[in-house]
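Accompanying notes for the structure given below.
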Amino acid sequence: SSTNMLERLNREIRRRTNVVGIFPSMDSYIRLVTTYLIEYAADWSSGRCYIKPETIQLTQEDRMAA
Numbered sequence: 162s163s164t165n166m167l168e169r170l171n172r173e174i175r176r177r178t179n180v181v182g183i184f185p186s187m188d189s190y191i192r193l194v195t196t197y198l199i200e201y202a203a204d205w206s207s208g209r210c211y212i213k214p215e216t217i218q219l220t221q222e223d224r225m226a227a
């Protein structure tokens, strides 16, 4: 469920920030978290793609040829 997904996300952010320990500034902390969130969002969105872009393109080309 969505709660588990958020908990997993929070655990991973906590894990990554614990590895660093002390951040020199709030900006460096925000950069680390933002980088992870961008990576997570890209992985999530590509994992949710059921139809590959190549398949869509081939289908469109077939329709244009017909």
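Residue numbers 162 to 227, in our numbering, belong to the letters of the sequence shown in order. By construction, the Cβ of each residue, glycine as well, lies at the ideal position given by its N, Cα and C atoms. Because the structure is a prediction, the values reported are computed rather than measured.
| Query | Result |
| --- | --- |
| Inter-residue spacing [alpha-carbon to alpha-carbon] between Ile191 and Ile183 | 13 angstroms |
| Separation of Thr216 from Arg224, as counted between CA atoms | 12 angstroms |
| Rounded separation between Val181 and Ser189 - CA only | 10 angstroms |
| Under 9 angstroms between C-beta atoms of Arg177 and Val194 | yes |
| Cβ-Cβ separation, Tyr201 to Leu170 (assumed contact under 8 angstroms), whole Å | 7 angstroms |
| Length at least 4, wholly inside the region 182–225: the alpha helix (DSSP H) runs in chain order | 187–208 |
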